[in-house]
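In our numbering, the protein residues as written are 2 to 359. All residues carry an ideal CB built from backbone N, CA and C; glycine is no exception. Note that this is a predicted model, so its numbers are computed, not measured. Contents: one structure, followed by commentary.
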Ligand SMILES: [Mn+2]
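Here it is as structure tokens:
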């Protein structure tokens, strides 16, 4: 890091310190999209607050859903279970002042909540903060890169212990995933430097576990290239994908595929759906646009589903399940069911009728 960068970071750090000092009681770090860059940024920031400002009470909170297998693998492998707290059941106003990392918008459409940030550290350019809040924006490929530079400028310790090894593994994964392994537009040399620095301390086997999670072959093939997807439709930055029949226990894979696809360049929103044996239709929606109203989108898709069973449909953040009456349940390869839902989903998304992508 050159002298100029160090001076700039020190200056930002001073402003951050003022914002932190304005919070009484627990300092709440909030992430609004639970991915590895966000978690790593929050965990790194928590470490910084404890060691730099000796802040005792620091909590890491998340909005949204942590139901993807990759996140679960990370939480298990890296021992984050007791640390991350969901705000799903809390009212936003009860949360009080927060510090956002990896996002800088005080309204989260997905959580349907408005927060009160006193500061935000972010690499997304679409900040929307209350007046007086401190914004630390830096247009690098991952928010973790910004926090890692602060960590290094403050000369905080890199102990030879499990906790730091976990931290470094999580951070390296966060940078690699956000930059799609340094291929996605927007990554910088600084991201690569930060990644290399963390990899010196990371545990290679944990890193592998987190980066390569168990996809059955047919799903890995599916995600290899958007062109290989069985049926797909693209409009602007929206990609709608239909996967062949899946079993209920395979539903998690839809999340994983959606997570990978949304990181491909050119796609902002992914809707992926599949007929599920014995249930009906299930889908996952992912978006990398902070402004996309996912709950609204999911509601539109779900309500266009026509015949639904008595239990109705379960709408969860980022996913939907349409339970069909047994008479309409899709059977393996039933083309009429697939065609029917293709029309429904196309209407909901205001698309031309769904066609076979190939
Ligand atoms: Mn990020």
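Could you have a look at residue i and say whether DSSP puts it in helix, strand or coil?
i	result
residue 225	Because residue 225 sits at a pLDDT of 46, beneath the cut-off of 50, its placement in the model cannot be relied upon, and the following sentence gives the value as read from the coordinates. Three-state result, residue 225: helix.
residue 182	coil
residue 175	helix
residue 271	strand
residue 287	strand
residue 255	helix
residue 75	helix
residue 218	Because the pLDDT at residue 218 is just 47, under 50, the model does not fix this residue reliably, and the value given afterwards should be weighed accordingly. Correct three-state label for residue 218: helix.
residue 230	With a pLDDT of 44 at residue 230, under the threshold of 50, the modelled position of that residue is not reliable, and the figure given next carries that caveat. Coil at residue 230, not helix or strand.
residue 282	strand
residue 81	coil
residue 17	helix
residue 322	strand
residue 247	strand
residue 277	strand
residue 168	helix
residue 163	helix
residue 6	helix
residue 12	helix
Residue i lies in the alpha helix (DSSP H); which residues open and close that run?
i	result
residue 42	37-53
residue 205	205-212
residue 86	Looking at the DSSP string, residue 86 is not in any alpha helix (DSSP H); the run it does join, the beta strand (DSSP E), is 85-87.
residue 25	Per DSSP, residue 25 belongs to no alpha helix (DSSP H) and is neither H nor E.
residue 196	190-200
What are the start and end residues of the beta strand (DSSP E) that includes residue i?
i	result
residue 59	59-63
residue 28	28-32
residue 240	239-243
Quick check on this structure: which residue in the options has the alpha carbon closest to the alpha carbon of residue i?
i	options	result
residue 401	36, 8 and 18	No statement about residue 401 is possible, as the shown extent of the chain runs from 2 to 359 and does not include it.
residue 2	23, 277 and 156	156
residue 200	180, 99, 301 and 174	174
residue 95	27, 7 and 140	27
residue 80	284, 193 and 164	164
residue 115	137, 130 and 143	130
residue 248	274, 241, 239 and 270	274
residue 261	300, 250, 194 and 288	288
residue 1	69, 71, 34 and 147	An answer regarding residue 1 cannot be provided, because it is not within the stretch 2 to 359 covered by the chain.
residue 151	321, 286, 18 and 322	18
Original post:
Along the chain, which unbroken stretches of the beta strand (DSSP E) at least 3 residues long are found entirely within the stretch 94-155?
Top reply: 98-102, 117-123 and 135-138
**OP:** Closer than 5 angstroms is what we want: which residues have a beta carbon that near any heavy atom of ligand 1? List them in chain order.
**Re:** 38, 103, 144 and 179
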